[in-house]
Each structure stands twice: as C-alpha cells, then as structure tokens.
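Peer 1: Residue numbers (our numbering): 357 to 810.
1. Less than 8 Å between the beta carbons of residue 426 and residue 469, yes or no?
2. Less than 8 Å separating the beta-carbons of residue 450 and residue 442?
3. What is the DSSP secondary structure of residue 477, reduced to helix, strand or coil?
4. Out of 610, 415, 522, 574, which one is the CA nearest neighbour of residue 502?
5. Do you know offhand how far residue 647's Cα is from residue 671's?
6. In chain order, what residues of the same chain lie with their CB nearer than 8 Å to the CB of residue 637, ignoring the 5 residues before and after it?
7. Count Cβ pairs between the region 710-722 and the region 364-380 that sit closer than 8 Å; are there 3 or more?
8. Which runs of the alpha helix (DSSP H), 4 residues or longer, sit entirely within the region 668-706?
9. How close, in whole Å, do the beta carbons of residue 587 and residue 612 come, if the pair is a contact with beta carbons under 8 Å?
10. Of the residues 495, 700, 668, 728, which one's Cα is nearest the Cα of residue 484?
11. Just the C-alpha distance for residue 741 and residue 358, rounded to the nearest angstrom, thanks.
12. Check residue 486 in the structure and name its three-state DSSP category.
13. Residues in the same chain with beta-carbon distance under 6 Å from residue 634, minus the five sequence neighbours each way, listed in chain order, please.
14. Within 10 angstroms of its Cβ, does residue 665 collect 16 or more other Cβ (buried), or is it exposed?
15. So who's on the other strand from residue 459, going by DSSP bridges?
16. Go to residue 564, then tell me how far its beta strand (DSSP E) extends in each direction, as first and last residue.
17. Out of 733, 413, 406, point me to the one whose CA is closest to residue 798's CA.
18. On a CA-only basis, which of 691, 529, 774, 549 is nearest residue 755? Give me that one, please.
19. As a quick exercise: from 686, 693, 709, pick the residue whose alpha carbon is nearest that of residue 702.
20. Between the alpha carbons of residue 506 and residue 370, how many angstroms are there, rounded?
21. With the cut-off set at 8 Å, would you say residue 412 and residue 705 are in Cβ contact?
22. Do residue 602 and residue 639 have their C-beta atoms closer together than 8 Å?
23. How many Å lie between residue 743 and residue 360 at the Cα?
24. If you drop the 5 nearest sequence neighbours on each side, which residues of the same chain put their C-beta closer than 7 Å to that of residue 696?
25. Measure the CB-CB distance between residue 538 and residue 548 and report whether it falls below 8 Å.
26. At what residues does the beta strand (DSSP E) containing residue 430 begin and finish?
27. So what does DSSP say about residue 559, is it helix, strand or coil?
28. Kindly list the residues whose CB is nearer than 7 Å to the CB of residue 375, restricted to its own chain and excluding five residues on each side of it in sequence; keep chain order.
29. Rounded to the nearest angstrom, how far is the Cβ of residue 654 from that of residue 438, given a contact under 8 Å?
30. Could you have a look at residue 553 and say whether DSSP puts it in helix, strand or coil?
31. Alpha carbon to alpha carbon, how far is residue 795 from residue 417?
32. Indicate the three-state DSSP secondary structure (helix, strand or coil) for residue 363 in the structure shown.
33. Per the contact definition of three or more C-beta pairs closer than 8 Å, is the region 745-764 in contact with the region 373-388?
34. Rounded to whole angstroms, what's the CA-CA distance from residue 748 to residue 761? Just pull it up for me.
35. When you compare the CB positions of residue 729 and residue 792, do they come within less than 8 Å of one another, or not?
36. Excluding the 5 residues preceding and the 5 following residue 388 in the sequence, name in chain order all residues of the same chain whose CB lies nearer than 8 Å to its CB.
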C-alpha cells in the first residue's frame, strides 16, 4: 500500500482525552477515532491489526475442535426473562423495543441465545460434546467509558460455549480451552498467565483469568516467576487425549498466580521462594468459566441418555476481548517513540521509505523494492510522500511496523538499502535481495513457531 493513498491520519500531539499509553498511541498512529463516548471507528491500520488478532484466535479455536458460527447482536428479551437475568443485569444492558413493541436488547453477552439454539437443535448425548464460538460485536453501556478500546462501550469479542453430558466431560472441554488460550496469547507475542478467578455462587475451581504483564495494567498481580520461563508453543498437545490436556493444565496451575482479588500474602510467601516472587501489574485479556447447568436448566437444554432418561447439559463459556487485545498488546509493547508490534499481528511487515522522492535513482530503487516485496508476499507500507525524512521516520516508529527499509541517495550510490528492526537500534546496509530475504526468513520463522507443538 502506498502511504500517499492510505488513510492514516497520524497526530503529533497527544489528544487531551487519552489517559493511558494504548489510547494515546492508537489515536496518534491513526488507528481509531472516537465516534461517541466509548464507541470507535476503526481506521484501516487499526482494523488490519484487529483482523490479524481475530484470525489467530480463530485458528486456535478451530485447532481445539471448536466450530465457528455467528449470533446476532440484537436479542429477544424473552430469553433473558426465562433465564432470570433480564431484570437483574443492570443499566449496562441497552434495552430497546421494535415497532411491534416487542422487548429486545443489544447483547452484552450470549449465554441465553446459544442455550436456546442448542435446546432446539441437539437431542442426544451422542451429539456431544459441542464447542461453538463466534466473533461478534457487543455493547455494554458503561457509565464512564475510559481508556480507549481497553474499556469501551462497543467491543469485539470471541465467545465460545461448551456443551457436555457430565461434569467430568465438561472439565475436558474447559481444559482444552485453557490450553488453547495459552497458545493463542503466545502466538500474539504475549506471555499470558492463567490466574484463579472468582466463580461466584457456583463455587468450584473452574474459572481462570488470563493476565498479561504490563507496567500500566489495571490489576495488581502476584505470581511465581517460573511462569515467565515456559515456551508455550514448544509444548506438544493432543486435544483428543484428556489426560495429556489435563496434565498441561496442572502444569500451569500448580504454581502461585493471583490478582489482588484472590491474593493471599501468607500463602504467596510460603509457596514461592523469594527469588521467584513476581509482583507487578497486569491486564486481563481472556476469561474461561464453567457454570454447569445454570442456563441449561431454565432454558430446557437437555439431551437423551442411553437408558432413555434425559439430563440438563453442563456448559462453560470462554471469552477473549479481540478489540481489547489491540490496546493490551500496545500497553505491553511500546517505547517512547511509539508502538512495537509483534510480527504476527503487525498491520504491515515492512515500512519502505523513499527519502528523496523525485530523485530518479531513488524513485527507481524504491519502486523496484516495492514490487519485489509484493512478489515475496510481504505486506508493505510504502511511504512515497514528498515529506521530510524526520517526519517519515517518526511516523514509521509511531505505527510500529517490525521492519524499516530505507532508500536514500547515499545507499543508491552504493546499490544498497538500509534495513532495521523496530525493536533494535542496529541498522544494516544490504543489497535489496539480501534485505528482502532477511525479512522473508523472519516472517517465515514466526509462522513456523505458530505450528510448533500443534
């Protein structure tokens, strides 16, 4: 994509309303613009990142045996009245009526819709288990939406719902999602730590939040540093082997890891040697939860058993904030110049800069580089604007693309381009072919890592 044609309205100054790093950088980098309080237009650069995140989430859900479908944003209030949640949910739920005066709502979550669908579609225990997910927009009318996409009113979520014939079978579904989440966040370039979460009145131990460490995180966290040393993507997993999956879950739950809501200072001190204790801040990026028959009982989601009887199915829900992850990745990966995208989710692999537009030699090499990068299937943002070099460099650092390739009169005279990674200060002068091969190999390595352990 040529920068001169791309809708990328970068800002030099930080807007006054932006309170946290991700909000400031997303506005300055031209990723989003606010349409109303807590509601954002996703501009091309931001939308590319969000789609890449969604695709990785989708691939790992599919790998674990889930099936994608799509539920509506507008839901009938009747389902929520049957489950008992309509009156109790609170003002965060947007309640509306259609022209026939039927009560509807803009879905803040989807348990009722998916349970009703299951009840009308699945009859026998032989059809279980089922893992069904969608990636859809939600709306919750936060009183004071703040922090950009980290806590907006409209947001993109991945929701998965499991259906099993028994509590034992439901634990296997839960464990599969647990491992799937570890892989998902690792592929996004994040180190996510599963932490015990409150299960509310249901009780039990089947609820975990996935927290990424970030200095600007909203939660205080305490954990064993051993979590930070595990290469998740190197761990092989066979999702059909319940014992193998359960063993991985035990490996990631045996060490101490809790947020301030569940922290026990005495237990932390007793269980974790002093040299392994970590205390810092974190951001929740996913939550998995088993709720048994809480929805299947009132909504009559039952299956027939082999002996002719029937039973209410055991359910779980598994959420990932896809749009929230865009902000979370920025919170965890930035410097004072701008964003530093992990290669897997970067909107473009390469930022190509022509430092002297109008110079025939520079134009020729830059155009050749742009064409060769396209042939190598490397997404490239080509800054062909007639702007000062400083403006081009600062814009590229701000937007955080992994690789910077520079065409300059000095380099052209020697038949070389300058190549530098965004997360490094070391630049190399290489032939165009060498530079493209270096980037291509890096992208290929990132893709191969994603397949490790699968």
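Just so you know, even glycine gets a beta-carbon here, dropped at the ideal spot from N, CA and C.
Peer 2: In this structure, then:
1. no
2. no
3. helix
4. 574
5. 6 Å
6. 569, 570, 571, 572, 573, 574, 575, 576, 577
7. no
8. 678-688
9. Actually they are not in contact, since the Cβ atoms of residue 587 and residue 612 sit about 21 Å apart, beyond 8 Å.
10. 668
11. 9 Å
12. strand
13. 579, 581
14. exposed
15. 453
16. 563-569
17. 733
18. 691
19. 686
20. 17 Å
21. no
22. no
23. 10 Å
24. 689, 690, 756, 778, 779
25. yes
26. 430-432
27. For residue 559, the predicted structure reports a pLDDT of 45, less than 50, and the residue's modelled location is therefore unreliable. A value from the coordinates is still provided. It is coil, neither helix nor strand.
28. 502, 503
29. 6 Å
30. coil
31. 29 Å
32. coil
33. yes
34. 12 Å
35. yes
36. 382, 396, 397, 398, 399, 402, 504, 505
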